[in-house]
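Asks:
Number of protein chains: 4
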Amino acid sequence: MVKAGIIGATGYAGNEIVRLLLGHKDVEIKWFGSRSYIDQQYADIYQNFFKLVDAKCMDDNMAALADEVDVIFTATPQGLCASLINEEILSKCKVIDLSADFRIKDVKKYEKWYGIEHKSPQFIEEAVYGLCEINREDIRKARLIANPGCYPTCSTLSIYPLLKEGLIDPNTIIIDAKSGTSGAGRGAKVPNLYCEVNESIKAYGVATHRHTPEIEDQLGYACGQEVMINFTPHLVPMNRGILVTAYASLTKDVTYEEVKAAYDKYYKDEFFVRVLNKDVCPQTRNVEGSNFVDVNFKIDPRTKRVIMMGAIDNLVKGAAGQAVQNMNLMFGFDENEGLKQIPMCP
Amino acid sequence: MVKAGIIGATGYAGNEIVRLLLGHKDVEIKWFGSRSYIDQQYADIYQNFFKLVDAKCMDDNMAALADEVDVIFTATPQGLCASLINEEILSKCKVIDLSADFRIKDVKKYEKWYGIEHKSPQFIEEAVYGLCEINREDIRKARLIANPGCYPTCSTLSIYPLLKEGLIDPNTIIIDAKSGTSGAGRGAKVPNLYCEVNESIKAYGVATHRHTPEIEDQLGYACGQEVMINFTPHLVPMNRGILVTAYASLTKDVTYEEVKAAYDKYYKDEFFVRVLNKDVCPQTRNVEGSNFVDVNFKIDPRTKRVIMMGAIDNLVKGAAGQAVQNMNLMFGFDENEGLKQIPMCP
Amino acid sequence: MVKAGIIGATGYAGNEIVRLLLGHKDVEIKWFGSRSYIDQQYADIYQNFFKLVDAKCMDDNMAALADEVDVIFTATPQGLCASLINEEILSKCKVIDLSADFRIKDVKKYEKWYGIEHKSPQFIEEAVYGLCEINREDIRKARLIANPGCYPTCSTLSIYPLLKEGLIDPNTIIIDAKSGTSGAGRGAKVPNLYCEVNESIKAYGVATHRHTPEIEDQLGYACGQEVMINFTPHLVPMNRGILVTAYASLTKDVTYEEVKAAYDKYYKDEFFVRVLNKDVCPQTRNVEGSNFVDVNFKIDPRTKRVIMMGAIDNLVKGAAGQAVQNMNLMFGFDENEGLKQIPMCP
Amino acid sequence: MVKAGIIGATGYAGNEIVRLLLGHKDVEIKWFGSRSYIDQQYADIYQNFFKLVDAKCMDDNMAALADEVDVIFTATPQGLCASLINEEILSKCKVIDLSADFRIKDVKKYEKWYGIEHKSPQFIEEAVYGLCEINREDIRKARLIANPGCYPTCSTLSIYPLLKEGLIDPNTIIIDAKSGTSGAGRGAKVPNLYCEVNESIKAYGVATHRHTPEIEDQLGYACGQEVMINFTPHLVPMNRGILVTAYASLTKDVTYEEVKAAYDKYYKDEFFVRVLNKDVCPQTRNVEGSNFVDVNFKIDPRTKRVIMMGAIDNLVKGAAGQAVQNMNLMFGFDENEGLKQIPMCP
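Protein chains in written order, with this note's numbering: chain A, 1120 to 1465; chain B, 1120 to 1465; chain C, 1120 to 1465; chain D, 1120 to 1465.
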């Protein structure tokens, strides 16, 4: 049995890692880290785990934790993982960081967009960006995984095949994304109250959201040139789910079959990516609770643009599920072990 | 592998049976019955199953189905199962009926509350009421299971221990229940439209709901006398979940510990029933997607009443999950095989 | 023009007073009190008022305010109004207190249920309980109004006629109430976050909720004897609305017409109380945004109980609307001036 | 008093016209047309109007209606108004058509996008497109108003000033729109059921939605050239509200102040259009229940694009409210008479 520790276990992403690992046949959780709730029963904080988890919340002493476990998940605010990690820890156990600390290779870019100093730039190069469908082989050998952001996961997987195949112009990409409210975290803030979110929709972080450079980096790797996009996230009154609607100009006249072939080329053997049937639009309910990514596209012959769409559960493929998928690759388990949850609908 | 057929696979309960059986290691689904969608791909109706189910919808020919499978689930409107079933079918395979056809032992009572003639009264006596926690041994030997209604499941399990132990007066029981909208089914009716349900709550079927006699029967068996209750269901703007708040007068002065002991007496070894810690109120989100029943109680020394509360997922423990639990008992599988889903929260 | 000041203008009830008074032809708001947001533009806090309110938030200096306005609304936590009020203030202007400070005549009962010391017990006797349909004449002459709680308003109006007419046994009353989330206020607390409330329902404050003695007092006045009830509130995933489902044993055999006549006796000339047609259940959507109270009942001949139901918008008739209705009475305006909003549906 | 008749009074838009006209001091409703509910009490269909409307539903005999009223609102499916209208009717009363029948000047374009034959092309030229902020003077003199679609209203008003001022390139406009579910109407269809919409988001009508040519026409008029856009609507789990997020390339380097000045040039005297403060994103909750349009923008200097955002209540400014605003102009009333509802929040 692989032993796992979670730092930040009482956030929504941490709680989801717990849900998934409890159903994983080869892993046991040894450490439920939560600075805010130290010494409280974990199942008192998340009562869905009543009678299923009998453990108290621990502090976030990563060095101590490294002696006890084989893998550490950090589901914590930006900067914490970078401030705790060191060579000794990495020599003892694998680390999967769900924060943004190691996602962006250019430390200056990270510091500019996140507004904080990076405390461990020496590990940035080594860290592998854990988008399994694209970086699978590197992930298998990694000690440190930068688990992708929720929006970047959904955006990149929706756009990747067309960009890689040169079917769209990188300079025309516009991503309009919509997220459920769990993406805003469990902090007690007025804008996240039920009555502030319910029965409303709004954009936020317009032209400034921190996931922008992460998406641009990944799209840039795909097409071999620098990419600058517009990315606009929206807050939707639902618990879970991210929907991406992306627009780009086609580089040439293409048929449905040609574009479909591009998606199939990259995804036909992927368990978690489902390229939907013609004219079926992805909707978040069809992936809820699962690690699936539903993608599809529509060619608009009038404007010579293509509309690319993708849907994920932000807490699963957008966070905890992808983290477990990364862990599976790193430890040689079946890639979908513990991740076969079927989307729950309604 | 046990072979299963589902009649009514495109209703919400049928769809949930599919979700659960796909994760059951000893069962394969051979028949997705749906009169409304014959010959259409099942995964086109429920796109959450895209790439997971490759089968077309079939008719509801129960006789033909009986030759092909070991167990039939009927998730159909009242009257259908009773109109199709016969001795030959029952001699070939087991039947788990999710409708009300075989729940009520007094056929006259059934016909009065449901307003239809019962077509197979000869099987009523044989049918076992599939509330596993109470009728486990009979279920193991049954050919025909009357799978309990959603409200009766939650109501009975919330009240049973105190009634069985004589701690409450049967004539004072009032059950105020609240249900998510999936309980109303997938029929295209104006009152179930999003804009009719959202941002509102109402009672319905006041003093006339058909689950009333079913609950009264079960409570009557528990206390050995006839019971007459008030039962008021309410429609809540959420997909899943039933919450029962039940009131009864205590028959004597009791302490918290005494009442707790009554619950523990019946439920301490039950995997699916969780008696919560003192003063923790059940909430439906903590059982969502799972087969758990969360129960608790509060003594009001001022009025000498006890408030009993229970929460289930109406589609799981209130329908499909309990059906699978019954199947597990009937076929000698572990009772929780395929039913270990951890509640998903948020 | 009557000049009004609001202490606590940035809570949900305060915000609703603003909405209503802006549409009141005889009132202008002179003071938007909000300790948390002093010197910020009120319309920056509640952007629905952008271009409609051009004023900054002020402190809660009630003495200074009394010099500037004719009426003060206090939409503040328990204890604040009692700590600020004094004879001088009351000699200068009228006060409508939306907190519980002056609702309960027995100061010991108040202090026990609220757990705080009452700072101005000398005004309790003078204060008039502002349930307009019942205490109209006293309200007209009052200096200090105790604006009723949301649950007590809906509960009392639903039950009052039957209790007053002796049709139900006061000792058997059980009130099961359901509220939208705005009733929990705008405080930044984890349990009120969108993802904690959405897709769930739960009871809270079981057998201990502070509105219990207030309801008991009012019901007691109606029947002329002490009343002890069970009151159980529930949190519902919607913004607005309270639904009360109340149960009581009938004191004699009665027909639908007799019970209907009891309701009509008290409500037939009431603008805001709508006794619905036979078998129509109140639902909160039908009163949303309005000051209406929809009530109805159902006799259960089997159990000889009656189920009484009522629906209000908790922020309007349950708080701000009733406060304005009280103000209208106190200043001699038409009782429904500024309160003719038609329920918005959907 | 102006006498009004409504054909299609039991749809959501028709119901909203009723709500608004009941609060209009110069109008009385004489005809509640609803083919589906003839002879039923209108307040039985929409119980929010209980005790407020005492009238039965009538048929859709437009000729008979024209003899009785001064203005007819048709809130009906595409094609109905065009099939009923004639010169005699228009000579007797004014007609405000909420369907798309007279919005598009090119009848071939209409017939292609809507897939039906236009029965009254002779009135297309005369009909005035009722976007009051832009066509005010023509509306005052019109007999027949084509009331704008919900998406076109919000899209056009969000983009108009920048296009008119030449600040954006018409060929780069992409509109990503999000709508509450009331926009889908009150028809009993499975995709509009609560459990199908709740907890999900999806795009629909991608590259094919019928509002596309209407938006293109209006934007074309603004910039004096043909415009081709991408328009993608999404279904959001909420009752009301449309949010538009539109993208376009700037034609030159501009400052915040310059773009703001363009909006102010067209909207500074408009009662219903609110240009929000810098960096405040429109959200639908801030306009709910009102006729306001909240717009704002954000310049992205990196991509040299501007993101334009707008929020309306789809049933008010997107349908019934704008219809009443048109009526006010046509009859010489104050433009905001009956439309001063303050947004209700939460």
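C-beta atoms are modelled at their ideal positions from N, C-alpha and C, and glycine is treated no differently. These numbers come from a predicted model, not from an experiment.
#1: When the Cα of Leu-1434(C) is compared with those of Arg-1421(D), Pro-1465(D), Val-1412(D) and Gly-1451(D), which residue comes out closest?
#2: If you draw a straight line from the C-alpha of Pro-1267(C) to the C-alpha of Asp-1419(B), how long is it?
#3: Mind checking whether Arg-1259(C) and Leu-1448(C) have CB atoms under 8 Å apart?
#4: Would you call Lys-1371(D) buried or exposed, if buried means 16 or more other Cβ atoms sit within 10 Å of its Cβ?
#5: So for Asp-1225(A), helix, strand or coil by DSSP?
#6: Nearest chain A C-beta to Gly-1360(D) closer than 8 Å, yes or no?
#7: Rounded to whole angstroms, what is the Cα-Cα separation between Lys-1397(D) and Ala-1183(A)?
#8: Using 8 Å as the limit for Cβ to Cβ distance, is Gln-1444(D) near chain C?
#9: Assuming Thr-1195(C) is part of the alpha helix (DSSP H), what are its boundary residues?
#10: Given Ser-1301(C), which residues of its chain have a CB within under 6 Å of its CB, disregarding the five upstream and five downstream residues?
#11: Helix, strand or coil: how does DSSP classify Glu-1147(C) here?
#12: Opposite Ser-1218(B) in the DSSP bridges: which residues?
#13: With a threshold of 8 Å between beta carbons, is Gly-1308(D) in contact with chain B?
#14: Give me the residue from Ser-1155(B), Glu-1252(B) and Ile-1426(B) with the minimum Cα distance to Lys-1387(B).
#15: Going by other Cβ atoms of all chains shown within 10 Å of its Cβ, with 16 needed for buried, is Ser-1155(B) buried or exposed?
#16: Under 6 Å Cβ to Cβ from Pro-1356(D), same chain only, skipping five residues before and after it: list those, please.
#17: Which residues, in chain order, does the segment 1254 to 1278 of chain D contribute to contact with chain B at a C-beta distance below 9 Å?
#18: My output table needs one value for Arg-1138(C): the three-state DSSP class, helix, strand or coil.
#19: In chain order, what residues of the same chain lie with their CB nearer than 7 Å to the CB of Cys-1212(C), ignoring the 5 residues before and after it?
#20: Quick one: residues in its chain with C-beta nearer than 6 Å to the C-beta of Asp-1179(B), no 5 flanking neighbours on either side, listed in chain order?
#21: Going by beta-carbon coordinates alone, are Leu-1217(D) and Phe-1169(C) separated by less than 8 Å?
#22: Can you have a look at Ile-1148(C) and say buried or exposed, based on whether 16 or more other CB atoms are within 10 angstroms of its CB?
#23: Any contact between the segment 1346 to 1355 of chain A and the segment 1278 to 1297 of chain A? By contact I mean 3 or more CB pairs, one from each, below 8 Å.
#24: Which first and last residues belong to the alpha helix (DSSP H) in which Phe-1468(C) is found?
#25: Take Lys-1283(D) as the anchor and find which of Lys-1308(D), Gly-1324(D), Leu-1250(D) and Gly-1339(D) has the nearest alpha-carbon.
#26: Span of the beta strand (DSSP E) holding Gly-1124(A)?
#27: For Met-1427(B), would you say it is in contact with chain A, using Cβ-to-Cβ distances shorter than 8 Å as the test?
#28: Three-state secondary structure (DSSP) at Pro-1356(C)?
#29: Are the beta-carbon atoms belonging to Leu-1140(D) and Val-1443(D) less than 8 Å from one another?
#30: Identify the continuous alpha helix (DSSP H) that holds Ser-1202(A) and give its terminal residues.
#31: Using a Cβ-Cβ cut-off of 8 Å, state whether Gly-1142(D) counts as contacting chain C.
#32: Roughly how far, in whole angstroms, is the beta-carbon of Thr-1272(A) from the beta-carbon of Gly-1451(A), given that I think they are within contact range, below 8 Å?
#33: Please list, in chain order, the chain C residues whose beta carbon lies closer than 9 Å to that of Tyr-1233(A).
#34: Which partner residues does Lys-1506(D) have in the DSSP bridge list?
#35: May I ask which residues mark the beginning and end of the alpha helix (DSSP H) holding Asp-1295(C)?
#36: Do the CB positions of Ala-1307(D) and Leu-1354(B) come within less than 8 Å of each other?
Replies: So, from the listed chains and residues:
#1: Pro-1465(D)
#2: 24 Å
#3: yes
#4: Exposed.
#5: Looking at Asp-1225(A) - three-state DSSP - the assignment turns out to be coil, as it is neither helix nor strand.
#6: Closer than 8 Å: yes.
#7: 48 Å
#8: no
#9: Unbroken run through Thr-1195(C): none, as it is neither H nor E.
#10: Tyr-1131, Asn-1358, Arg-1359 and Leu-1434
#11: strand
#12: Answer is none; Ser-1218(B) lacks a bridge partner.
#13: One point to set straight first is that residue 1308(D) is Lys, not Gly, in the sequence displayed. Yes - at least one Cβ of chain B is within 8 Å of the one on Lys-1308(D).
#14: Glu-1252(B)
#15: Residue environment for Ser-1155(B): exposed (fewer than 16 other C-beta atoms within 10 angstroms of its C-beta).
#16: Excluding sequence positions up to five before and after Pro-1356(D), its CB lies within less than 6 Å of the CB of Val-1316 and Asn-1317, all in the same chain and listed in chain order.
#17: none
#18: It is helical.
#19: Only Ala-1185, Val-1188, Asp-1189, Val-1190 and Ile-1191 meet the Cβ criterion.
#20: Here the set comprises Ile-1126, Gly-1152 and Arg-1154.
#21: no
#22: buried
#23: yes
#24: With chain C represented from 1120 up to 1465, any question about residue 1468(C) goes unanswered, as that position is not in the structure.
#25: Gly-1339(D)
#26: 1121 to 1126
#27: no
#28: coil
#29: yes
#30: 1199 to 1203
#31: yes
#32: Rounded, the Cβ-Cβ distance is 23 Å, inconsistent with contact.
#33: The premise fails here: Tyr-1233(A) is roughly 24 Å from chain C at the closest Cβ pair, so nothing lies under 9 Å.
#34: Missing from the structure shown is residue 1506(D); chain D here goes from 1120 to 1465 and no further.
#35: Looking at the DSSP string, Asp-1295(C) is not in any alpha helix (DSSP H); the run it does join, the beta strand (DSSP E), is 1293 to 1298.
#36: no
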